[in-house]
Amino acid sequence: MEIVIALAVGVMFGSGIWLILRPRTFQLITGLLLMSYAVNIFIFAMGRLSVDRPPITLSPDIDPSQFADPLPQALVLTAIVIGFATTALYLVIMIGARGLTGSDHVDGKEPRE
Amino acid sequence: MNALPFLQHFIVLPILLPLLAGALLIPVKQSRYTLKFALSVTNTVLLWLLAAALLVMADGGYWPDGIGVYLAANWPAPFGIALLVDRLTALMLLLTATIALAVLVFSAKRWDRVGIQFHTLFQFLLMGLNGAFLTNDLFNLFVFFEVMLAASYGLVLHGYNLQRIRAGMQYIAINLVASFLFLIGVALIYAASGTLNLTDLGMRVALLGTEDTWLLAIGVTTLGLAFLTKGAMWPLGFWLPGTYASASAPVAAMLVLMTKVGVYAVLRVWMTVFGDGAGALAGFGFTALTIGGMATLFFGAVGMLASQDGGRMAGYGAIISSGTLLAVIGLAGGPVLASGLYYLLGSTLAMAAFMLLVELTDRIRPPGAALIAITMEAFAIEDKPEDPVGQGIPGTLAFLGLSFAACALVISGMPPLSGFVAKFSLFHALLDILPTDGRIPGLTWGFIALVIVGGLAAIIALMRLGVRIFWASGDIAPPRLQFTEAAPITALVTFCVLLTVQAGPVFDYLDRTVAGLTQTSTYGERVLQEPAVTRMPRQEAE
Amino acid sequence: MMKRWLPSPLLSLCLLLMWLLLNQTIEPAHLLLGAVLGIVAPVLARPLQPQGYPRISRPFVLFRLLWLSLIEIVRSCFNVSRIILFRRTEGVNSQFIHIPLDLRDPYGLALLSCLINSTPGTVWVEIVPETHELLLHVFDLHDEQWWIDTIKSHYEQPIIEVFEQPRHSEREKTT
Amino acid sequence: MVSFVVVPLPDSHGPMLLASLVFVPFIASLIAASMPQDARNRESWLAAGVAVYGLIVAILLYPEMSEGTVLREGFDWLPAQGLYFLLRMDGLAWVFTLLVLVIGLLVVLYARYYMSPNDPVPRFFSFLLAFMGSMLGVVLSGNLVQLVVFWELTSLTSFLLIGYWHHRADARRGARMAFTVTATGGLCLLAGVLVLGHIVGSYDLDIVLAAGELIRSDDLYLTALLLIALGALTKSAQFPFHFWLPHAMAAPTPVSSYLHSATMVKAGVFLLVRLWPALSGTPEWTWIIGGAGVGTLLIGAFIAIFQHDLKGLLAYSTISHLGLITVLIGIGTPLAMVAAIFHILNHATFKASLFMAAGIIDHETGTRDLRLLGGLRHKLPITATLAIVASAAMAGVPLLNGFLSKEMFFAETLQVGGDRNWWMSVAAVAMGMFSVAYSLRFISIFFGKPAGELPRDPHEPPRWMRFPVELLAFTCLVVGVAPAISIGPVLDLAVAASLREHTPDYNLATWHGWNLPLLMSIVALFGGIALYSVLRWRFNLRERTRAPLLSHFNGAQAYETSMQSLTRAAEWLVRHLGTSKLQKQLLLLMLMLLTVPLLLVGQPPDWTVLPLEGFDPLFAGIWLIGGACAIAAAWMAKYHRLTALVLVGGTGIITAATFLWLSAPDLALTQLMVETVTTVLLLLGLRWLPPRIESAEIQAAASRRDWTRRALHMMLAVAGGLAMAVLTYAVLVHPASDTIADFFVLNALSGGGGSNVVNVLLVDFRAFDTMGEITVLAIVALTVYALLRRFRPAPDSAEVPQQQLHAFDPASRQTPSEQADSGYLFVPGIYLRTLLPFMGVIAAYFFMRGHNLPGGGFVAGLIFAVAILVQYMLAGATWVEAHITLRPHRWLGLGLLLAGLTGLGSWAFGHPFLTSHTAHLHLPVLGELHVPSAFVFDLGVFAVVVGTTMLMLVALAHQSLRAHKKAGEQAADAAVPAANGGAL
Amino acid sequence: MSIAETLPVWAALPVAFLLVLGGLISLIGALGLLRLGNFYQRIHGPAITVTLGAGCILIASMIYFTATQSRLVIHELLISVFVLMTAPVVAMMIMRAAVYRDLRKEHLADEEKTGTDGAATDA
Amino acid sequence: MTTASLLSAAIVFALVCVVLAMILCTLRLLIGPSAQDRVLALDTLWMCAMLLALMLGIRHGSQIYFEAALMIALLGFVSTVALAKFLMRGEVIE
Ligand code: NA
Ligand code: NA
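Residue numbers (this note's numbering), protein chains in the order written: chain A, 12 to 124; chain B, 5 to 546; chain C, 11 to 185; chain D, 29 to 1012; chain E, 1471 to 1593; chain F, 1141 to 1234.
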């Protein structure tokens, strides 16, 4: 599991890096999306991995070590929401810039050759 | 039943008030400017009073050891989110409220009408700023950073034009990526230390094993990079000049404050986590901060010299100020930090005033005309002397010129205003603390030299700009100036003057602030032992 | 009045049932809550449902239809699986066919499309507006007419019985 | 090193006389600034009044001064850092105070007549008074840092005064140049003062002056000396910083006379005299100060001869005389110091009067060009006489004050380097000759014939305009004839105060007998006359535009060039040290992310290698998919946006599956919903991005540089990915330390009243985060909405999409609602409409169970929003909005208020913000119900999420309407021609 | 697998069988998606996954949980209903999109043949 | 072979099948060639994810996974519909 998650984070983050270094706004936003997946899983992994131990405590007498760490999950939840919002914002700016500048370059103008 | 004393609630109010005001403003129709403005200003005045009250309370007026803790949702500290007020926080809150009030009044006649929801976003921005200053929890800091940034995205694009959207794209993209770094950093810190509470982290750091220490250091470094991107450290702050130059004046003034949040966060985290009690990590990264700060300072100085318009120049001025502060944090030591904070106050106020001023001077002289003036200055050296009779200066122009000069003096650190006092006290403190071998290290000398050179660059650039705006503009119609535009600038400049004149008392306060900051153990006691209010019994049925 | 506050008892019942299934309980509190939701949701959703709610007149025909369809689904499933696994794809005769429809009731058409699409090997494309013909894609077509007949008799006819009969009578009453 | 000394301030006794000396001019400056434009007389009276007041105070203080008392007055400024506002008056300061005030008074009187009635004099007098205050501040500072403050203030006021006629380019240029040079010097001075303070442990002048030994023996002595010297030499226009002074002549003549000859330029030499006890007496002192002085003295005098501008000539002569003073200070013997102070005073008198005379000539004739002027003694007899007297003093003619101090100078040069070393004396005599020559050149304008028609016909100036010149010339004469009586007591005061125990015996007399200095004077006098004659009649002095030999060095040109190249260099540096390109910035950020932690933190410690038993091939299998999708998306995003979007969706599904697999059902639910909404959102946005078509040419044209860059990015991406993978792995194989997580698990049910710990975290433990998070949502929604109101689509995507324009598609003839009611969406629409209430109930379900099981306000809000969104997709925005009214703004506002007020409710119970409470309801049939306040809070979250999603999506969707509306209008416009068989 | 051990044989056997069958059908459906020659054929592949594959697994789930929890657990029915209600929508939408996209492509090809300019479309 | 091991073998087999199915879908997603192919593949991926959730539920004997499956069943189609509509009409909401 661990190695898979590590590689997963790596692949997504690497793809994200590649994309955010590209010149077109859509590439950038795609990169941001991939990076946000990577980062979310990364945060999640910081609570270590556990299978079938959802943090749902149906009785008061429990052993906390038998549950997945709920804190990173809560953090990821917040991060997902914020990531969603900011992606939306960037999207709107992206199309706004395309309309206003006539270019989909991330700098809002075509680079001079 | 131990109810929470009412005054204790003051800690959360700087976040709550703008939240509620913002929420109330959302459904109000765009056409009701006056109502919106009134609500917004009233709330900001309240915030100012609140900040002033907190300042008094934190300075021994209510909390004897200068630390007020508020357990949001009533959960004890490392578990729930704790808000913390000390002298530093209170100071930053007051600074924020001051600039915010000035900016709001300034925007009353024009800027709140060019787009929608200006006041809403503005209130949310205040909420984010205040939250970032108040919170003692790293992830909560992220949330408030995002609140602040999200609002600033909206405000940067306020008045939507080509330039703004170009700059906005850059600003937003970089901050989005920086936010990822923030998250990575916080997550690593949690993985290594098992806590998110900053004070708790400071308590735990010495007890960590080697692996955890390694992870923690990486985490904090990553977090630091996120802060420094927002604080515009070289080479992470290239977004800043363009953004400042294109944002509308009131927004640019608020942005000035926002770079300081990055610096503030660095200061908080580093002071708390890597203090003397940090075991293997004591003093971690301070030198890097100094070097980064100095590089930033240099870049800002060079940028000032290279820029020809006020907005951009102010942007580089903000970079200089960030660089100086970062280097000061890096060169840490009690009295130096106090000087750094004093510098922060003065430069932020002046820079904010300058941002507002730039917009007014652009009315005299549209930025396009500046280019012509440059060539004029460069080539018309043997200009035929004209009639030796001076020209009268209209009152508004005199006002602008005077304010410009005052801002320029503060920004460049020329005597006699607060910029100079700050610089002097910085140097004084740096030379006054001696390392054990009695020799001032080269880095300190380098820093002093850089600050002086930076100030020089600033004054050369600002003088060039000022001469071009006020002297070389030929026959100009005096700009129309609203009272609501002049008053905030006057107020901000007056604050700078007051800072200069009252340097003694201000420094007394700052010395107490810094003395408090270095008492990590006090924070530990106060934050981690702050009792929750007794809960009402809740689960009796089950 | 009844129609306004309970536009479709059937739908409300379905929603209540769903609520109870979801919560896996028949506690009174949930019964009540489910009932409230079952009543409120259709009322709130009503403005967005211009075609009204379905009425089913012959449940038995419906059940028989469903049962037969299930058998047909299983059968087709194995046919399609066989083709996927063992046949060369070039040999598969995939075709579009047109089937003239008499069925007009929206819910009837919906049910028809559900049955056709659920049956592996056939996909509903659209109803050609002018001719009211169904454009159908068949995975492995042997005999076009067989398909047309089967669909008209095995599917369309029962559906018309279920959905359109009472409405016709209603219309007759009103006119 | 000593620790910093805190000097107790003197108890301020009686009236703050010294403070009033400094502050009265500043206050008067403010008053002057606020007077009307034409208040020339009132301004003059005010300024003169200030000067007179100062003089009275100074005279009142004379008795104390003559007793050798040092007056100290002050108050705290920044006591912790050794910074007081401390005013200190001793003999030297008193003499300089007197100088500043007397010349100031005369200049004010002169300026009253000099300034045109049309000039905006309030500004002039305001600046002049401010300068007076600053200069007095310099002179009276008892604290070195405070001295720097006033020092820079004199630079600033000088800048403002030079730029007084700012519509003239030469004035602007001169002002900038003067300020740049002197302010730079001021900064050096500040640094020097700080070093000095560091060495001594105090900035208090008295303490510093007493610590000469300590200073001179310190390692940092040379640094301090150099820095302070830079400050002094720039201010006093010493070579090679002299060039600003001639350009400062663009200022009105009263300013030149006051600042640039009598007072401000003397601040540099004043400072050197002041610090003489602390700094002098070392070879470094002599070499640095003396060296600069010698160079200046010769160069200034030589260039002065070749000036054609009256004021230019005087400016260079000033430079030369300041050089003379500097040399004396550099020699540094007590007698030299006496000579230096004496010459400072003498120079002030004759040079101020000469400037005023020059101003009168300029004023009366309309020109300052020496080549045009001639024979003025006929038209301006009195002025001519006065100017000749002053010039003679400048040239060092006996019986005038200049002669005396120059004589002393010659005498001191003889002492330098012992008996064998003559070079200093030779230089001195050469300078003497030059000064005779330029003095002759100056007075030549009164003789001979006029060169031609003058711009104006000159007359004697008004009585009171000439008066200052008369007084000063008279002083030259009096001092020259009877020095001991006239200037003696004053000079004694200054000398005693500055030299203290080193005060020498000296004799102020006109006649010292026949001696070597006298011989040197005679040589200089006659040599000068000869030199002038030769130059005049043999070398055609009038036609020369540049000084011989020295024409190659042009300080002003060097300044301009350096300023321009500074800007160019700065631009170059900014381009190379910075960038305005987003890609490069992100590249840097990523590089920093990779390198900085490595550099700072270094190698990881040894990690235990993971036992592979936890490895699940199935899990690896799904990440095969996730990874492939991610990489493919990265590959496709440029030319195949939709494909990339679909691929990202694939990664999203796998991410959700991962959350589910690894015990995070809440995350999985949220991820799934966000995935859906994001896809729709991006599709709505994609509509406005015109297609990007891959062209073979572009690919082929990609230069080698492009490929290098791509390779670099690829490497960075791989490295970054690898680094994150390693980091993740490192954490995962390392057991968690003592975390705060257990607390949440243990207390969620008992303290938070919910069994879903994640939800309890969100609405209770960390509800404060959630509060902020929903604010972010609201902000973003509002921003999106605001942006879209001003949205202007790209021209190539503004039209109705291609897909809707094909006649064979029946849908192209239908409105969206027709499509849904009878068109191609008819059958799907029935499902979509039927599903609506089900989705609503499911949303309620997820909301209700959130506290105990996966779900909650956020997921529920998204489901609800998607349910409505589906209706939008089905029937179009117009139809939906005609049938239901959604007010997303209200949802947002109400949601935020609900969440906030719920939190606030706990105040009523004396609890902190957001403390959750549970209401226990006992209902008849239903039994006991627990309604936690967190539930209401969650309702706020729900509302905000619904509001946000709806606002953003609907705002985006409405853009399409705009295109259709526009198309409709165009179609209506083009209706006539398109009627028969339109192209659509 | 602790719960699975308590499962009675009457439940275990059908559950296992349905699981295997459901898995296989899903696999075959996906294989169809991959293997078949053109889009109109491929769309028939996933249909078996959606109907019979999902059906088998859902029934398996119902039996399994009913047996382990000793009470009737049939809320999987909801999933079946929703799948049956949404799958046709998806099929109809994608299919029609494909048909008209192809028509448009042909149309454009024709136009190009006749010499009119055809604008490229996004893919 | 006990019932437990039989069952666990069956679940593993089913899971393998579903994961393989997902991989095949992904291949189609990558290959395309047309946009509708990709949309179809994505939709199938959603369905497979639903099956995966159900199977995980059986594997762990837990009801926690049910909601995810339910959500996919009810709402998973939305993004597919949006994509299809985009392909057909060039915009999602008209
Ligand atoms: Na089918
Ligand atoms: Na939840």
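Every residue, glycine too, gets a C-beta built ideally from N, C-alpha and C. The model shown is predicted, which means the values in this text are computed figures rather than measured ones.
Within the model, the alpha-carbon separation for residue 1476 of chain E versus residue 32 of chain C is close to 25 angstroms. Residue 408 of chain D and residue 488 of chain D do touch by the CB rule: their CB atoms are close to 6 angstroms apart, below 8 angstroms. Between residue 218 of chain B and residue 632 of chain D, the C-beta spacing is below 8 angstroms. Residue state for residue 100 of chain D is assigned as strand, using DSSP reduced to three classes. Below the 7 angstroms Cβ cutoff, chain A contributes 91 as neighbours of residue 699 of chain D, in chain order. Between the segment 89 to 109 of chain B and the segment 101 to 112 of chain A there are fewer than three C-beta pairs closer than 8 angstroms, too few to call the two in contact.
Distance check between residue 232 of chain D and each of D/454, D/174 and D/296 places D/174 closest, using alpha-carbon atoms only. Using a 10 angstroms sphere on the CB of residue 1514 of chain E, the tally of other CB atoms reaches 16 or more, which defines it as buried. Around residue 912 of chain D, the beta-carbon contacts reaching into chain C at under 7 angstroms are 57 and 58. Excluding its 5 nearest sequence neighbours in each direction, residue 214 of chain D has C-beta neighbours in its own chain below 7 angstroms: 176, 179, 180, 183 and 259, listed in chain order. Counting C-beta pairs closer than 8 angstroms gives three or more between the segment 650 to 660 of chain D and the segment 1149 to 1167 of chain F, which meets the contact rule. At least one C-beta of chain E is nearer than 8 angstroms to the C-beta of residue 1151 of chain F. Residue range 142 to 160 is occupied by the alpha helix (DSSP H) that includes residue 152 of chain B. For residue 1200 of chain F, the number of other beta carbons within 10 angstroms of its own is at least 16, and it is reported as buried.
Between residue 270 of chain B and the set B/429, B/538, B/358 and B/145, the nearest pair of CA atoms involves B/145. Residue range 214 to 234 is occupied by the alpha helix (DSSP H) that includes residue 222 of chain B, with no beta strand (DSSP E) assigned at that position. In the three-state reduction of the DSSP assignment, residue 946 of chain D falls in the strand class, which pools E and B.
Secondary structure remark: continuous beta strand (DSSP E) runs of at least 3 residues inside the segment 600 to 661 of chain D: none found. In the three-state reduction of the DSSP assignment, residue 1532 of chain E falls in the helix class, which pools H, G and I. Inclusion of residue 319 of chain B and residue 244 of chain B in the CB contact set at 8 angstroms is warranted, their separation being smaller than that value. Of the candidates D/451, D/440, D/714 and D/464, the residue whose Cα lies closest to the Cα of residue 425 of chain D is D/464.
Around the beta-carbon of residue 1145 of chain F, fewer than 16 other beta-carbon atoms lie within 10 Å, marking it exposed. Secondary structure of residue 830 of chain D (DSSP, three-state): helix.
Under DSSP, residue 110 of chain C shares a beta bridge with C/143. When the beta-carbon positions are compared, residue 116 of chain B and residue 164 of chain B stay at least 8 angstroms from each other. Contact with chain A is absent for residue 919 of chain D, since none of that chain's Cβ atoms lies less than 8 angstroms from the residue's Cβ.
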